[in-house]
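2 protein chains.
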Amino acid sequence: MDFFNVMSVDEVKDILVKNFKNIKIETEKVSILDSYEKVLSKDIISQINVPEFNRSTVDGYAIKSKDSHGCSDFMPSFLDVLGEVRMGEAVNIDINNGQCIYVPTGGMIPKSSDCVIMIEHVEKLDENTIAIHKPISTGENVVYKGDDIKENEKVLSKGTKITSQDIGVLAALGVNEVEIYKPIKFTIISSGDEIIDLDEKLEFGKIRDINGYALYSLIKNLGGSIVKRTIVKDKYDLLRDEVLNGINSSDIVLISGGSSVGTKDYTYDVINSFDGQGVLVHGISLKPGKPTIIGECQNKPVIGLPGHPVSAIIVFKIFIEYLVNEILDININKYTVSAIIDKNLHSSPGKRTYQMVSLEEVDNKYYARPMFGKSSMITLLSKSCGYVIIDENCEGLYKEQEVKVHLL
Amino acid sequence: MDFFNVMSVDEVKDILVKNFKNIKIETEKVSILDSYEKVLSKDIISQINVPEFNRSTVDGYAIKSKDSHGCSDFMPSFLDVLGEVRMGEAVNIDINNGQCIYVPTGGMIPKSSDCVIMIEHVEKLDENTIAIHKPISTGENVVYKGDDIKENEKVLSKGTKITSQDIGVLAALGVNEVEIYKPIKFTIISSGDEIIDLDEKLEFGKIRDINGYALYSLIKNLGGSIVKRTIVKDKYDLLRDEVLNGINSSDIVLISGGSSVGTKDYTYDVINSFDGQGVLVHGISLKPGKPTIIGECQNKPVIGLPGHPVSAIIVFKIFIEYLVNEILDININKYTVSAIIDKNLHSSPGKRTYQMVSLEEVDNKYYARPMFGKSSMITLLSKSCGYVIIDENCEGLYKEQEVKVHLL
């Protein structure tokens with residue numbers, strides 16, 4: 001075991017991209033109703049203009065704007081009403097100078113009209129005549145053909161994680177189905193003689209499989225699927241069998257647990273026992289999360305996460321989420337929350353530190369309160385709402401300093 | 001129709017709470033693996049201590065800390081090694097002064113030991129003797145019984161929207177199933193002669209049911225279920241029939257569309273045609289979203305959303321999300337992103353304005369760029385990442401002013 005050559009967070013990210021970015025993920029077509037938070041595998045190009053016709057945005061009269069120019073309360077313009085446009089129907093008449101036609105909100109305006117005057121601003125003199133008292137300008141209360149979306153416009157890009165608004169856009173285009181990436185397949189192996197599942201009796205000295213369940217949920221949240229979640233005892237052969245199953249059935253294999261020296265050795269040796277480059281990363285200058293192992297077995301990433309729950313979850317968030325975003329080319333912005341840190345914080349020299357914090361709002365400002373606790377404590381995470389990153393070269397943070405909180 | 005008595009956003013929220021907070025939502029038990037983002041309907045009280053025993057957080061030797069006091073490189077302490085604790089097994093021996101026992105990470109430490117010295121800091125002299133060169137203090141490298149979670153502690157509260165970390169906590173407790181609220185049931189009615197579904201042919205003058213699809217996705221995202229999504233023509237009887245179906249089968253009925261005067265009248269009249277208080281809110285001093293109607297029919301909320309997609313989605317986010325959070329007592333914090341607005345912005349006096357913005361990061365600072373466009377344009381939303389709220393009493397925002405961006 002050689003724990004001296006630890007790598008930085010950024011070096012590890014580079015290794016992940018270099019070795020695994022090109023993992024092939026299958027695609028499938030789904031109804032847009034099932035596409036929420038799925039990732040588009042193809043650009044969406046509009047085949048149509050939205051709207052396909054010039055629409056009124058108000059209830060009112062479609063006119064030629066120049067018929068309103070110069071009019072006022074003292075000198076109104078009088079216009080002949082040709083009739084009414086019905087919702088959802090094409091207009092088959094046009095207007096000339098001095099003419100207008102009633103259009104409901106969303107209705108089509110006649111070809112020669114360039115604006116709509118709101119019904120509230122019109123004086124109806126009789127069935128066939130209105131008076132208008134103020135000028136309006138070209139384009140007022142009109143959405144022109146293609147104003148929202150133009151034909152041949154790229155509307156959504158490959159790698160978009162689909163939002164409710166995007167589903168609205170797809171509906172506007174009349175797109176029923178989209179091509180998305182199938183879930184990335186994971187195997188989760190929790191290793192350790194002390195780990196028991198929820199349906200087993202808790203004996204003294206044993207501990208529940210916290211990581212297996214938390215990772216399951218993190219993977220689902222990330223859009224992945226879990227082929228198998230299993231617990232293995234600290235035996236080389238048992239671990240190797242499960243890793244082999246994982247490589248054969250999944251895109252990514254996660255081994256969680258194994259914080260004790262014995263298990264760490266097994267994980268290391270198992271990864272090196274397959275065809276491929278074997279162990280690529282063994283120890284990261286990261287707190288928490290140092291004892292992380294990353295290997296390549298038969299072109300698949302096999303990742304040994306630390307056993308402590310906080311470390312395992314943080315390592316997942318830093319590296320697995322990053323890798324998934326890279327594989328699927330996800331263009332997503334994760335925004336941070338600005339806050340004032342309410343305690344001095346020491347960093348660990350040479351390590352990138354992820355300090356858990358809770359957030360409190362006082363007088364319209366957020367305050368970040370560092371949460372302390374050992375990384376074996378799952379409640380340290382459930383009581384925090386995010387973390388602050390303290391860089392390798394930073395000596396620490398000072399009370400009252402402004403920090404960026406990454407939400408969990 | 002009386003559009004004069006418009007209410008403020010806060011007044012409308014009060015009306016929603018007063019009339020609909022006590023809607024009864026059924027509960028059910030689900031596996032914790034299916035509980036992600038579901039809402040707990042009962043507090044979770046721990047039946048056990050986590051951990052249930054004093055555990056080592058490192059590979060090392062469990063000792064009595066006072067045996068290390070005063071030792072140094074020049075005057076090491078020598079300790080007898082009694083043996084080894086096996087992972088997942090109870091310790092059946094104890095240590096006396098001058099004795100120690102090897103414990104792997106996560107292993108149980110003997111009763112009389114109060115700290116663990118890391119293997120890296122120990123000199124192994126022979127199979128039965130180690131030397132230690134620096135003092136360590138009580139509690140070092142140990143997690144005590146109950147340190148993470150104490151027996152009878154309230155671990156998660158009713159109204160918690162379950163996170164991956166919470167699932168980790170539940171696993172730690174050995175909790176297999178939790179009681180959660182069943183999805184709140186919605187009916188979505190899109191009304192308008194111009195509205196067609198995705199499988200219909202787009203004729204000139206028609207428009208796709210953008211709102212129906214966007215609302216479907218927003219409801220799913222909020223944890224609700226959609227009993228029916230339907231499109232009705234602008235006819236009083238047809239609309240009333242669908243609202244009746246909705247009231248009978250759902251908890252909340254949404255009518256979307258109906259921006260034209262005729263449809264607005266129908267929605268108003270239909271709501272007033274049922275047993276109950278009828279229309280409670282007719283017009284909100286809100287931009288976009290003014291033409292919103294809220295009524296009570298047979299104790300159920302029936303809500304007429306504006307027809308323009310941006311307005312409908314914003315009204316959903318402001319009022320329906322709020323109502324759902326109130327009904328389920330959800331304790332959730334939505335954090336805002338601080339940004340600098342990069343343009344002057346006028347507000348609409350007397351209205352609360354929701355201004356859509358995109359966010360850009362430059363030199364470690366976020367800049368909010370106002371997105372302009374008519375509220376009938378769905379791309380206005382899909383190109384934005386959030387909104388800034390301009391208060392009723394605020395005259396507007398100045399360029400370079402710091403603002404809070406609410407993410408979509």
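Respectively, the protein sequence lines represent chains A and B.
Numbering-wise, the UniProt record's numbering puts 142 at position 142 of the first sequence, and it's gapless, one number per residue.
Numbering-wise, the UniProt record's numbering puts 22 at position 22 of the second sequence, and it's gapless, one number per residue.
Even glycine gets a Cβ: it sits at the ideal position worked out from N, Cα and C.
Please report the straight-line C-alpha distance between residue i and residue j, rounded to a whole angstrom.
i                     : j              : result
D147 (chain A)        : V50 (chain A)  : 7 Å
Y266 (chain B)        : T27 (chain A)  : 45 Å
I313 (chain A)        : A131 (chain B) : 36 Å
A172 (chain B)        : R208 (chain A) : 5 Å
D234 (chain A)        : T187 (chain A) : 18 Å
D241 (chain A)        : G107 (chain B) : 25 Å
E84 (chain B)         : P110 (chain B) : 11 Å
H308 (chain A)        : K290 (chain A) : 11 Å
D80 (chain B)         : K124 (chain B) : 11 Å
G212 (chain A)        : H406 (chain B) : 34 Å
Q165 (chain B)        : V403 (chain B) : 31 Å
L222 (chain B)        : S72 (chain A)  : 50 Å
L254 (chain B)        : Y144 (chain A) : 29 Å
residue 413 (chain B) : K206 (chain B) : Outside the shown range of chain B, which is 1 to 408, sits residue 413 (chain B), and nothing can be said about it.
V324 (chain B)        : T163 (chain B) : 18 Å
K150 (chain A)        : I378 (chain B) : 13 Å
M1 (chain B)          : F20 (chain B)  : Bear in mind that a pLDDT of 41 at M1 (chain B), under 50, signals an unreliable position, so the number given afterwards is only what the model happens to contain. About 25 Å.
D59 (chain B)         : Q355 (chain B) : 56 Å
P135 (chain B)        : S68 (chain B)  : 5 Å
I330 (chain B)        : G159 (chain B) : 4 Å
L408 (chain A)        : K317 (chain B) : 22 Å
E153 (chain A)        : C394 (chain B) : 38 Å
Shortest alpha-carbon distance to residue i belongs to which of the options?
i              : options                           : result
A339 (chain A) : A:N325, A:L397, A:M118 and A:G212 : A:L397
K64 (chain B)  : B:N96, B:N92 and B:E89            : B:N96
D34 (chain A)  : A:K399, A:K161 and A:I196         : A:K161
D391 (chain B) : B:K399, B:M377, B:S347 and B:P104 : B:S347
D342 (chain A) : A:Y366, A:F319 and A:I320         : A:Y366
L40 (chain B)  : B:I48, B:G276, B:I25 and B:M371   : B:I25
D14 (chain B)  : B:V281, B:D43, B:L198 and B:D197  : B:V281
T138 (chain A) : A:V122, A:E153 and A:I117         : A:I117
F53 (chain B)  : B:F319, B:G88 and B:I196          : B:G88
K29 (chain A)  : A:I320, A:D329 and A:P183         : A:P183
G168 (chain B) : A:L198, A:E153, A:S157 and A:I180 : A:L198
T57 (chain A)  : A:I119, A:F74 and A:V91           : A:I119
What does a CB cutoff of less than 7 Å around residue i pick up in its chain, not counting 5 residues either side in sequence?
i              : result
I23 (chain A)  : D251 and I327
N128 (chain A) : D80 and V81
V232 (chain A) : I189, S191, L238, L239 and E242
N176 (chain B) : S31 and I32
Does any residue of chain E have a CB that is nearer than 8 Å to the CB of residue i?
i              : result
M118 (chain B) : Protein chains in the displayed structure are A and B, and chain E is not among them.
Can you find the residues in the same chain that come closer than 8 Å, C-beta to C-beta, to residue i, ignoring five residues on each side of it along the sequence?
i              : result
N272 (chain B) : G278, V279 and G295
D10 (chain B)  : none
Y322 (chain B) : K13 and L16
D275 (chain A) : C297 and Q298
V122 (chain A) : G60, Y61, I130, A131 and I132
Once you ignore the five residues that flank residue i on each side, which residues in its own chain have a CB closer than 6 Å to its CB?
i              : result
K300 (chain A) : I247
Y216 (chain A) : I226 and R229
T353 (chain A) : K287, S347 and I390
V315 (chain A) : G289, T292 and L305
Residue ranges of each beta strand (DSSP E) run of no fewer than 3 residues wholly in the UniProt domain "MoaB/Mog" (187-326) of chain A, ordered along the chain?
Listed in chain order, the complete beta strand (DSSP E) runs (minimum 3 residues) inside the UniProt domain "MoaB/Mog" (187-326) of chain A are 225-232, 252-257, 278-282, 293-297 and 300-304.
According to a CB-to-CB cut-off of less than 8 Å, which residues of the stretch 292-319 of chain A neighbour chain B?
G307, H308, P309 and I313
Which whole runs of the beta strand (DSSP E) in the stretch 3-81 of chain B are 3 residues long or more, in chain order?
Annotation: the stretch 3-81 of chain B contains the following complete segments of the beta strand (DSSP E) (minimum length 3 residues), in chain order: 27-31 and 60-63.
Interface positions of the stretch 155-177 of chain A facing chain B (Cβ-Cβ less than 8 Å), listed along the chain
Answer set for the stretch 155-177 of chain A: V155, L156, T163, S164, Q165, D166, I167, G168, V169, L170, A171, A172, L173, G174, V175 and N176.
Quick one, which residues of the stretch 42-55 of chain B are near chain A if we go by CB-CB under 9 Å, in chain order?
The stretch 42-55 of chain B vs chain A, Cβ under 9 Å: I48, V50, P51, E52, F53 and R55.
Could I get the ranges of all uninterrupted beta strand (DSSP E) runs contained in the stretch 126-186 of chain A, with 3 residues as the minimum, in chain order?
Listed in chain order, the complete beta strand (DSSP E) runs (minimum 3 residues) inside the stretch 126-186 of chain A are 129-132, 154-156 and 177-181.
Contact residues within the stretch 204-233 of chain B, judged by C-beta distance below 7 Å to chain A
F204, G205, K206, I207, R208, D209, I210, Y213, A214, Y216, S217, L218, K220 and N221
Below 8 Å between beta carbons is the criterion; list the residues of the stretch 83-105 of chain B that meet it against any residue of chain A, in chain order.
R86, M87, G88, E89, A90, V91, P104 and T105
Of all the residues that make up the stretch 319-353 of chain B, which are near chain A by a beta-carbon distance shorter than 8 Å?
The residues in question are N333, Y335, T336, V337 and S338.
Residues of the stretch 377-404 of chain B whose Cβ lies closer than 9 Å to any Cβ of chain A, in chain order
M377, I378, T379, L380, L381, S382, K383, S384, C385, G386 and K404
Entirely within the stretch 341-404 of chain A and at least 4 residues each: give me those alpha helix (DSSP H) ranges in chain order.
378-382
Contact residues within the stretch 9-33 of chain B, judged by C-beta distance below 8 Å to chain A:
I32 and L33
Name the residues in the stretch 129-147 of chain A whose C-beta lies less than 8 Å from a C-beta of chain B; which are they?
For the stretch 129-147 of chain A, the set of positions with a beta-carbon nearer than 8 Å to some beta-carbon of chain B reads V143 and D147 in chain order.
Check distances from the C-beta atoms of the stretch 176-194 of chain B to those of chain A and list, in chain order, the residues that come in under 7 Å.
N176, G192, D193 and E194
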